[in-house]
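Here the structure is laid out as structure tokens; the discussion comes afterwards.
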Amino acid sequence: MNQKIFWRLSGPGALFLVIFLLVPLITILVFSFWRTESYTMIADWNLDNYIRLLTDKTYLTFLMRSLVMATVVSLVSLVFSWPIAFFIARYGGKYKIILLLLTSAPFLTGEVLRVTALQQILGPLGLINMTLNNFGIEPIEALMYSNTSSAIGLTYLWVPFMVLAIYLSLLNFDFDLLEVAKVNGAKSWSAFWEITWPLNKIGTAIGVVLVFVPTLASSITSKFLGGPNGALYGNILTNQFGSTGTWALGSAMGVVLFFVSILVLLVVWRLVGDLRRSGISIKGGARL
Amino acid sequence: MGIVLELKNVSKNYGKVIAADNINIEVDQTEFFSLLGPSGSGKTTMLRIIAGLEEPNEGSQVIINGKDVTHAPPYQRGIGMVFQDFLLFPHKTVAENILFPLKMQGASQKEKDENLKWITHLTQLEGLENRYPYQLSGGQKQRVALARGLVSKPSLLLLDEPLANLDLELRKKMEIEIRRFQIELGIPFIYVTHNQQEALTMSDSIAIMNYGKMEQVGEKFSLYHDPDSQFVASFLGSADSIEAEVASVQDGIATMTFHGKTIQARAHNGLKAGDQAICYIKSERIRMEVEENPDAPCGVVLDKIFKGQYIDYILDIEEGNEIIASSGTLSQIKAKDRISISWDPQVADAFPLPPKDPS
Numbered sequence: 007m008n009q010k011i012f013w014r015l016s017g018p019g020a021l022f023l024v025i026f027l028l029v030p031l032i033t034i035l036v037f038s039f040w041r042t043e044s045y046t047m048i049a050d051w052n053l054d055n056y057i058r059l060l061t062d063k064t065y066l067t068f069l070m071r072s073l074v075m076a077t078v079v080s081l082v083s084l085v086f087s088w089p090i091a092f093f094i095a096r097y098g099g100k101y102k103i104i105l106l107l108l109t110s111a112p113f114l115t116g117e118v119l120r121v122t123a124l125q126q127i128l129g130p131l132g133l134i135n136m137t138l139n140n141f142g143i144e145p146i147e148a149l150m151y152s153n154t155s156s157a158i159g160l161t162y163l164w165v166p167f168m169v170l171a172i173y174l175s176l177l178n179f180d181f182d183l184l185e186v187a188k189v190n191g192a193k194s195w196s197a198f199w200e201i202t203w204p205l206n207k208i209g210t211a212i213g214v215v216l217v218f219v220p221t222l223a224s225s226i227t228s229k230f231l232g233g234p235n236g237a238l239y240g241n242i243l244t245n246q247f248g249s250t251g252t253w254a255l256g257s258a259m260g261v262v263l264f265f266v267s268i269l270v271l272l273v274v275w276r277l278v279g280d281l282r283r284s285g286i287s288i289k290g291g292a293r294l
Numbered sequence: 006m007g008i009v010l011e012l013k014n015v016s017k018n019y020g021k022v023i024a025a026d027n028i029n030i031e032v033d034q035t036e037f038f039s040l041l042g043p044s045g046s047g048k049t050t051m052l053r054i055i056a057g058l059e060e061p062n063e064g065s066q067v068i069i070n071g072k073d074v075t076h077a078p079p080y081q082r083g084i085g086m087v088f089q090d091f092l093l094f095p096h097k098t099v100a101e102n103i104l105f106p107l108k109m110q111g112a113s114q115k116e117k118d119e120n121l122k123w124i125t126h127l128t129q130l131e132g133l134e135n136r137y138p139y140q141l142s143g144g145q146k147q148r149v150a151l152a153r154g155l156v157s158k159p160s161l162l163l164l165d166e167p168l169a170n171l172d173l174e175l176r177k178k179m180e181i182e183i184r185r186f187q188i189e190l191g192i193p194f195i196y197v198t199h200n201q202q203e204a205l206t207m208s209d210s211i212a213i214m215n216y217g218k219m220e221q222v223g224e225k226f227s228l229y230h231d232p233d234s235q236f237v238a239s240f241l242g243s244a245d246s247i248e249a250e251v252a253s254v255q256d257g258i259a260t261m262t263f264h265g266k267t268i269q270a271r272a273h274n275g276l277k278a279g280d281q282a283i284c285y286i287k288s289e290r291i292r293m294e295v296e297e298n299p300d301a302p303c304g305v306v307l308d309k310i311f312k313g314q315y316i317d318y319i320l321d322i323e324e325g326n327e328i329i330a331s332s333g334t335l336s337q338i339k340a341k342d343r344i345s346i347s348w349d350p351q352v353a354d355a356f357p358l359p360p361k362d363p364s
């Protein structure tokens with residue numbers, strides 16, 4: 007491609023990304039080596055923030071809690087999304103697009119409204135526990151302002167993304183290959199493990215990353231549904247920029263989150279393994 | 006040699022659409038058997054019923070090696086299948102693709118090694134075992150697909166238009182190769198195609214299908230020269246058609262009047278004097294003479310098309326009937342020549358013309 011045209015076309019987008027992504031990232035990185043005192047930033051370079059994050063058990067606990075939450079939410083979303091995406095892609099026919107859009111119907115309202123609506127179902131005065139109460143049954147504690155209800159809220163939030171990623175992957179999948187497998191002696195499950203899964207694992211990996219990384223950083227859902235002991239890493243991080251005003255520590259937390267996310271990406275990439283094993287040919291993508 | 010495949014009263018319909026209408030077929034141990042027909046004629050449906058990918062209607066019977074497998078799943082039928090577009094598994098190497106059926110059967114490593122060696126030798130794929138499908142040429146992909154179909158030594162191989170996406174030169178090479186595999190393995194091949202050249206080249210027997218019905222089944226030579234249905238007469242080869250009125254029918258030969266001239270052909274389907282008939286003659290059976298014969302249909306050469314091995318003459322006969330006559334390349338007849346045509350009554354076939362649709 008003509009170089010001039012290349013720069014003219016991709017220049018504005020690249021510039022936008024540099025200004026609004028890279029600059030704040032660098033700022034945060036710089037801030038993370040500073041210090042905050044009485045709501046002002048002091049530019050003396052030190053590692054105190056990082057030392058605190060790595061030694062104070064509180065922060066590690068919240069990070070672990072977020073990692074567990076992200077893992078659970080990703081796995082549950084995965085189990086829910088595969089069948090949905092598969093049936094839309096395989097049997098959706100002319101209704102494919104409508105069915106797909108329906109999975110994203112929750113997004114037609116805002117995030118806060120969506121979480122509030124979940125409160126009306128899961129909370130102590132919510133639909134489920136009130137109904138149980140009417141029948142004289144004890145309310146389900148786990149549903150009321152807990153990590154479980156956060157997990158339900160987050161799964162509900164991210165399933166559409168996972169469905170979309172897997173669906174797009176399945177759109178490129180030749181379902182006739184399953185018939186070939188069947189004729190050659192494969193039963194349904196072995197056809198899935200031998201053919202469907204390997205050829206769609208990259209799409210699935212993208213779905214997992216799309217769910218895992220935002221869950222790791224999430225704060226709103228746990229704020230509304232998590233209750234007193236439900237705070238996640240994201241909540242603590244938000245606090246540093248809010249009530250406590252310790253921006254330098256918050257920045258360091260952000261940097262840690264950033265690197266943990268990169269680490270997750272690398273792990274997922276490793277799990278995907280040899281691209282040829284996912285049916286990706288070098289042809290077509292060779293001149294990257 | 007025994008019968009390997011038997012279809013008895015096999016029917017299949019999708020709602021009101023009839024894809025297979027009471028089909029009866031027997032395929033012998035050493036037979037190369039083609040299902041030939043235009044697209045939508047139900048030939049692929051037949052193959053899918055044999056494979057077990059499609060359940061036929063009540064009362065149908067699919068028998069393989071004497072065992073009724075009508076309701077058995079594909080993997081219990083002992084068949085191999087080669088698909089259109091190859092359909093190789095893109096994420097598996099050549100060896101893994103070929104060995105897939107054996108892996109699914111839980112074969113031992115020794116058996117896998119032996120069979121892989123045998124089949125890669127037969128299909129000339131030695132040395133390509135560790136390649137991925139995207140690294141193969143069209144012909145190699147085709148051979149991998151064949152090898153995968155044959156590796157478990159099935160009792161019959163089904164092929165669904167396997168050469169449709171290859172270029173002409175490669176197709177001709179593969180036609181000969183596939184036929185060679187079939188003879189070497191001594192198992193029947195059931196070959197679906199819409200390409201009659203392919204069917205004629207490779208087959209022993211051909212079943213011609215049209216709208217889910219089997220029009221005619223038989224040895225290819227007799228099918229080509231003795232069609233017993235109007236569809237087969239018009240479908241096979243390059244057939245010209247002429248409409249005429251039947252004057253008399255005697256000893257199976259109909260004598261007809263065509264623009265005042267007398268023509269003759271074998272009479273089919275109870276053709277009788279007074280009927281309107283449609284008469285089919287293969288292009289290569291039409292003889293042309295430059296002298297105008299007052300008793301024979303006459304006309305003018307509109308165009309002469311050199312095809313390499315033969316020449317096609319486009320003729321306008323008795324003003325308004327365009328027919329094609331094929332002739333050897335040494336023919337001296339030129340465009341605009343006036344000619345008369347004739348043929349041997351034993352190579353033309355006349356059928357009653359269905360009454361014209363009043364609409």
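Chains as they are written, first to last, in the working numbering: chain A, 7 to 294; chain B, 6 to 364.
All C-beta atoms, glycine included, are put in the ideal place defined by N, C-alpha and C.
Note that the structure is a prediction, hence the values are computed from the model and not measured.
Specify, as a first and last residue, the run of the beta strand (DSSP E) that G304/B falls within.
Here residue 304/B corresponds to residue number 299 of the second sequence, with the count starting at 1. Where G304/B is concerned, the enclosing beta strand (DSSP E) stretches over 303–311.
If distances are taken between C-alpha atoms only, which option among Q147/B, C303/B, G333/B comes closest to G265/B?
As a position in the second sequence, residue 265/B is number 260, starting the count at 1. The option with the nearest alpha carbon to G265/B is C303/B.
Regarding L131/A and the ligand ATP, is the C-beta to nearest heavy atom distance less than 7 Å?
Questions concerning the ligand ATP fall outside what the structure shown contains, since it holds no ligand whatsoever.
Could you tell me the distance, in whole angstroms, from the CA atom of L58/B to the CA atom of P232/B?
On the second sequence, residue 58/B is found 53 positions in, with the first residue counted as 1. On the second sequence, residue 232/B is found 227 positions in, with the first residue counted as 1. L58/B and P232/B: Cα-Cα distance of roughly 32 Å.
Where does A123/A fall in DSSP's three states?
Mapped onto the first sequence, residue 123/A falls at position 117. It is helical.
Quick one: using the 10 Å Cβ neighbour count with 16 as the cut-off for buried, is S249/A buried or exposed?
Counted from its first residue, the first sequence places residue 249/A at position 243. Exposed.
Along chain B, in chain order, which residues have C-beta atoms closer than 8 Å to that of S83/A?
For this step, residue 83/A is matched to residue 77 along the first sequence. Going along chain B, no residue has its Cβ under 8 Å from S83/A, so there is no contact; the nearest lies around 24 Å.
C-beta neighbour in chain A for Y196/B, strict 8 Å
Taking the second sequence and counting its residues from 1, one reaches residue 196/B at position 191. It does not; no Cβ of chain A falls within 8 Å.
For L127/B and F186/B, what's the separation of their Cα atoms in angstroms?
For the purposes of this step, residue 127/B is taken as the residue at position 122 of the second sequence. For the purposes of this step, residue 186/B is taken as the residue at position 181 of the second sequence. Using only the alpha carbons, I get a separation of about 8 Å.
Assuming Y285/B contacts S243/B under a Cβ cut-off of 8 Å, what Cβ separation, rounded to an integer in Å, is found between them?
What you label residue 285/B is simply residue 280 of the second sequence in a count that begins at 1. What you label residue 243/B is simply residue 238 of the second sequence in a count that begins at 1. Not really, about 11 Å apart at Cβ, beyond 8 Å.
Which stretch, first to last residue, makes up the beta strand (DSSP E) that contains R343/B?
For the purposes of this step, residue 343/B is identified with residue 338 of the second sequence, where counting begins at 1. Per DSSP, R343/B belongs to the beta strand (DSSP E) from 343–347.
Can you tell me which residues form a DSSP beta bridge with Y45/A?
Translated into the one-based positions of the first sequence, residue 45/A becomes position 39. Bridge partners of Y45/A: none, in fact.
Roughly how many whole angstroms lie between the Cα atoms of F194/B and G111/B?
Along the second sequence, read from residue 1 onward, the residue named residue 194/B stands at position 189. Along the second sequence, read from residue 1 onward, the residue named residue 111/B stands at position 106. For F194/B and G111/B, the distance between alpha carbons rounds to 25 Å.
Delimiting residues of the alpha helix (DSSP H) encompassing N170/B:
Here the question's residue 170/B lines up with position 165 in the second sequence. No alpha helix (DSSP H) holds N170/B; DSSP gives it neither H nor E.
Can you look up S46/B in the DSSP assignment and give me helix, strand or coil?
The count along the second sequence starts at 1 and reaches residue 46/B at position 41. DSSP places S46/B in coil when its eight states are reduced to three.
Look up E63/B in the DSSP assignment and say whether it is helix, strand or coil.
By one-based count along the second sequence, residue 63/B stands at place 58. Coil at E63/B, not helix or strand.
Taking 8 Å as the cut-off, does the region 236–243 of chain A touch the region 128–139 of chain A (at least 3 CB pairs, one atom from each stretch)?
no
Over what stretch of residues does the alpha helix (DSSP H) that includes I196/A continue unbroken?
On the first sequence, position 190 is the one that residue 196/A refers to. Reading off the sequence shown, one finds Ser at residue 196/A, where the question assumed Ile. 194–197 is the extent of the alpha helix (DSSP H) around S196/A.
Answer with yes or no whether the minimum CB distance from G279/A to chain E is below 8 Å.
Protein chains A and B are contained in the structure displayed, whereas chain E is not.
I want to verify the contact list: residues of chain A whose CB lies under 9 Å from the CB of Y80/B, in sequence order.
As a first step, residue 80/B must be located in the second sequence, where it is residue number 75. Near Y80/B (Cβ distances below 9 Å), the residues of chain A are K188, V189, N190, G191, A192, K193.
Check whether the Cβ atoms of M75/A and A171/A lie closer than 8 Å to each other.
Start at 1 with the first residue of the first sequence, and residue 75/A comes out as number 69. Start at 1 with the first residue of the first sequence, and residue 171/A comes out as number 165. Result no, Cβ atoms of M75/A and A171/A do not sit closer than 8 Å.
Would you verify that the beta carbon of A56/B is, or is not, closer than 8 Å to some beta carbon of chain A?
By 1-based counting over the second sequence, the position of residue 56/B is 51. By this cut-off, A56/B is an interface position.
Could you work out which residues of chain A lie near L92/B, taking near to mean beta carbons separated by less than 9 Å?
Stepping through the second sequence from its first residue, residue 92/B is reached at position 87. By Cβ distance, chain A contributes D180, D182, L183, E185, V186.
Taking the alpha-carbon of V270/A as reference, which of V215/A, R282/A, R283/A, D280/A has the nearest alpha-carbon?
Sequence index remark: in the first sequence, residue 270/A carries index 264 (1-based). Ranking the options by Cα distance to V270/A, first place goes to V215/A.
Which residues in chain B sit within 8 Å of P204/A, going by Cβ to Cβ distance?
Looking up residue 204/A in the first sequence gives position 198. The answer, in chain order, is H96.
Is there a Cβ of chain A sitting closer than 8 Å to that of M109/B, yes or no?
For the purposes of this step, residue 109/B is taken as residue 104 along the second sequence, with counting starting at 1. Judged by the 8 Å Cβ criterion, M109/B is in contact with chain A.
Below 6 Å CB to CB, which residues in the same chain sit around W4/B once its five sequence neighbours on both sides are set aside?
Look at the range of chain B in this structure, 6 to 364, and you will see that residue 4/B is not part of it.
Do you know offhand how far L124/A's Cα is from W275/A's?
As a working note, residue 124/A is residue 118 in the first sequence. As a working note, residue 275/A is residue 269 in the first sequence. The straight-line gap from Cα to Cα measures roughly 34 Å.
Under the rule that 16 or more other beta-carbon atoms within 10 Å means buried, what is D50/A, buried or exposed?
Along the first sequence, read from residue 1 onward, the residue named residue 50/A stands at position 44. Burial call: exposed.
Cutoff 8 Å: I201/A Cβ touching any chain B Cβ:
The residue you call residue 201/A lines up with position 195 of the first sequence. Yes, I201/A lies at the interface with chain B (some Cβ there is under 8 Å from its Cβ).
Determine contact between the region 167–180 of chain B and the region 200–207 of chain B, defined as no fewer than three beta-carbon pairs at a distance below 8 Å.
yes
Write down every uninterrupted run of the beta strand (DSSP E) in the region 118–189 of chain B whose length is 3 residues or greater and which is fully enclosed by it, in chain order.
161–165
Check distances from the C-beta atoms of the region 105–133 of chain B to those of chain A and list, in chain order, the residues that come in under 7 Å.
F105, P106, M109, Q110
Quick check on DSSP: helix, strand or coil for L269/A?
Residue numbering aside, residue 269/A sits at position 263 when the first sequence is read from its first letter. Reduced to three states, the DSSP call for L269/A is helix.
Grab me the residues of S331/B's own chain with a C-beta within less than 6 Å of its C-beta, minus the 5 sequence neighbours each way, in chain order.
As a first step, residue 331/B must be located in the second sequence, where it is residue number 326. Answer for S331/B: S288, E289, Y315, D317, listed in chain order.
Using the beta-carbon count (16 or more within 10 Å), is D370/B buried or exposed?
Because chain B here runs from 6 to 364, residue 370/B falls outside it and cannot be looked at.
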